[in-house]
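In the numbering used here, the protein residues as written are 2 to 850.
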């Protein structure tokens, strides 16, 4: 009850306190390559940490004559950006700049690189005059609204830099500042504020992600099917890392932003992005800036342990104007909150994560940038967050006879090159993603269910992934009318998946059964190897037809080949067997798109896009164990392979900035037709296979809005409605036409309030409150109550004090102490829900140097 009053009080304070602005430092490092002046000014404002106002009809289609790279004071940088444009500027305070027409601007020719040196500065200075005449200034400012505006966000979702509000796609970009206010350290922290994004959660790095109702399977499994492919693409910078049910969960320190692109991205991103793409963009080295940041967070979880987060960043110039390195390190120690009452161990589901990144940036010339990075993260979980409530335990208790540790470590090696020449930009990237997962699950209860004398019994799944990928693309700007991209993608991935099932003491208790089929007390062993090569050519072009109407078309041609092999042995496998096969396919994915700009800050778009998911090879199924089950469904053996499935996404959306950019409303309506669904058929013998069966449709609406009702308050609202149902019978999962697709909440929505106020002339206070609602989901098509994850509500509040170089905040997460069932695992006959972290109180601190 106390927490609810704290939340109510915090919201009440929002309306009673004045606002104060901070001051940016005078010198900043700038990297501005956008040729369009409006985009360049937006980049300038982000990098200078200031507000800049410019009438769009004044800036129009004006283009910069050169890029801007290096360390400059704010005025000097703005002089260079506005060179030869006939525009000037005026500071209204230390942090606010207005761009206005300069009647005294010098007439100069727009020759690339032609500048005049400033006396004694050593830097080229353009012939721009600042407006100093007060009469001119007052006249120019008369029609300019200087009230606070919403932050402009630049995104690269279309593989080129664009203003988020000018991208005709359903995209949400979550900036570093918003991530910090949400206290978002990983995927869970931001996922609930993104419309049409949902997830099924077994723990860190074990989420199955769903966008717009397109799940990775027609029944929600525990994620132990290595051949079951993801429907959402995950990228860390330019590196594809998605692995269904076990997507790597990067800790979000020193991250520039997270972009969530809703809808298929089959042209630019290809396989794995059938229903959408999530991109995590890390911060890049700043070439001439020596900077550092230290941050820590310390908290306590009710009915659980204590938690600590430590972060550090160091940016060091190595070669003036040409090279810098950025080092990042972090450490997480999270206390558990689930008690194993069988083993008499409290708080078993601890998490320990260590990681870091080293990034190098080399810019030998203004138009050429070479980058390289190594990222590593290692996570160890002490146990599962699942509870055995259907066996009579409490919601934060479990019964496990064997410890269930989980380890996930991955390393990314990447390098890239970017070259610009006039209206052409060439980008190439090469990467290696190397990951190893060891997942242990107690299955002791399986033995007495099948008439065996029970002994401690567990399954250990080990996955090793190595994926080499290469992409090169060329971006072309042809005047103001045409923009196009053409590229080539190649990947070579090897996945090794091993299962090891020991039951020490089994033979002594049950008559040496396992030794007759292999090794003593080892009931099952297997190894699967997927060796997959994939290549694609893609192209996309946009043409301005009328000045307001733009048409876009895209196409991706892909080929892939998968070599698959498996061996298995042991009592549960019926002895030794092996099997191998080869699958090779190709295909085309088109995209059609129209955008109508019906106002300078308003657009409407419509698109038809095809998304796809690669097919693959099936596991071997032993005939002596499963022959009867196969016969019942009319098969003599399991299918050796399954085909790609695909969707057509039809969408109408709109983006609008209103009231001088004090309000944004973005919305989209979609209809998705999903064909040849890859679904898993489970057999009673314990094995299963993937097949293409049936179809589904998903229809819905998503909306997000940001609003500044008065100068010191920003309100954000977002939500979605998704209705995903089978359009045909799917026999293998007992689904009838009209049944809901499992794992998809119908309603989800969120609300946040962000308020700032002056404490002193040098200190700023802040209150941030967030509320999220997630609708109910079912694990299977059949809506069994024990397999239901009920709807839940989450809330958090954060109080902060900020100066120019430090911030301290107090926060409460899960303020109503909700016990949400994030996922319901099914271990043979037991349903065990994964439970979220109880209410957590904490303090965070950060310092920049």
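Cβ coordinates follow ideal geometry from the N, Cα and C atoms, glycine included.
Since this is a predicted model, take the numbers as computed values, not measurements.
The continuous alpha helix (DSSP H) containing residue 511 extends over residues 507 to 511.
Under the three-state reduction of DSSP output, residue 639 falls in the coil class, being neither helix nor strand. Residue state for residue 82 is assigned as helix, using DSSP reduced to three classes. Looking only at 205, 514 and 399, the smallest Cα-Cα distance to residue 454 is reached by 514. Beyond the five residues adjoining it in sequence on each side, residue 627 comes within less than 6 Å, by CB distance, of 684, 686 and 688 in the same chain, given in chain order.
Residue environment: residue 849 is assigned as exposed (fewer than 16 neighbouring CB atoms within 10 Å of its CB, all protein chains considered).
For the pair residue 479 and residue 424, the Cα-to-Cα distance works out to about 7 Å.
By the C-beta criterion, the region 542 to 557 is judged to be in contact with the region 594 to 603, since at least 3 inter-stretch pairs fall below 8 Å. The C-beta of residue 345 has fewer than 16 other C-beta atoms within 10 Å across all chains shown, which makes the residue exposed. DSSP places residue 623 in no alpha helix (DSSP H); its state is neither H nor E. Taking the C-beta atoms as reference points, residue 620 is found nearer than 8 Å to residue 567. Judged by DSSP in its simplified three-state form, residue 166 adopts helix. Per DSSP, the unbroken alpha helix (DSSP H) holding residue 39 starts and ends at 38 to 49. A direct Cα-to-Cα measurement between residue 709 and residue 661 gives close to 11 Å. Looking at the DSSP output, residue 326 shares a beta bridge with 317 and 361. Secondary structure at residue 592: strand, using DSSP grouped into helix, strand and coil. Closest option to residue 753, judged by alpha-carbon separation, among 651, 195 and 792: 195. The count of Cβ pairs closer than 8 Å, one atom from the region 700 to 719 and one from the region 664 to 671, reaches three, so the stretches are in contact.
Short of 6 Å from the beta carbon of residue 741, and not among the five residues preceding or following it, lie these beta carbons of its own chain, in chain order: 726.
Residue pairing by DSSP places residue 287 opposite no residue, since no beta bridge is assigned to it.
Annotation: the continuous alpha helix (DSSP H) that includes residue 180 extends over 177 to 182.
Rounded to the nearest whole angstrom, the C-alpha separation of residue 361 and residue 30 is 16 Å. Under the three-state reduction of DSSP, residue 270 is assigned to coil, being neither helix nor strand. Of all C-beta pairs linking the region 650 to 661 to the region 582 to 591, fewer than three are shorter than 8 Å, placing the two stretches out of contact. Residue 234: not part of any alpha helix (DSSP H); member of the beta strand (DSSP E) spanning 233 to 237, first to last residue.
With contacts defined by Cβ atoms closer than 8 Å, residue 68 and residue 33 form a contacting pair.
Pairing residue 631 with residue 580, the inter-Cα distance amounts to about 18 Å.
Per DSSP, reduced to three states, the secondary structure at residue 190 is helical. Judged by their CB atoms, residue 191 and residue 259 are nearer to each other than the 8 Å cut-off.
Three or more beta-carbon pairs separated by less than 8 Å are not found between the region 407 to 419 and the region 785 to 804, which leaves the two stretches without contact.
The beta carbon of residue 422 lies closer than 7 Å to those of 368 in the same chain, with the five residues before and after it left out.
Of 300, 315, 321 and 456, the smallest CA-CA separation from residue 288 is found for 321. Per DSSP, residue 710 lies in no alpha helix (DSSP H); the unbroken beta strand (DSSP E) holding it starts and ends at 696 to 711. Taken through DSSP and simplified to helix, strand or coil, residue 275 comes out as coil. For residue 688, there is no enclosing alpha helix (DSSP H), as DSSP marks it with neither H nor E. Using a 10 angstroms sphere on the CB of residue 405, the tally of other CB atoms reaches 16 or more, which defines it as buried.
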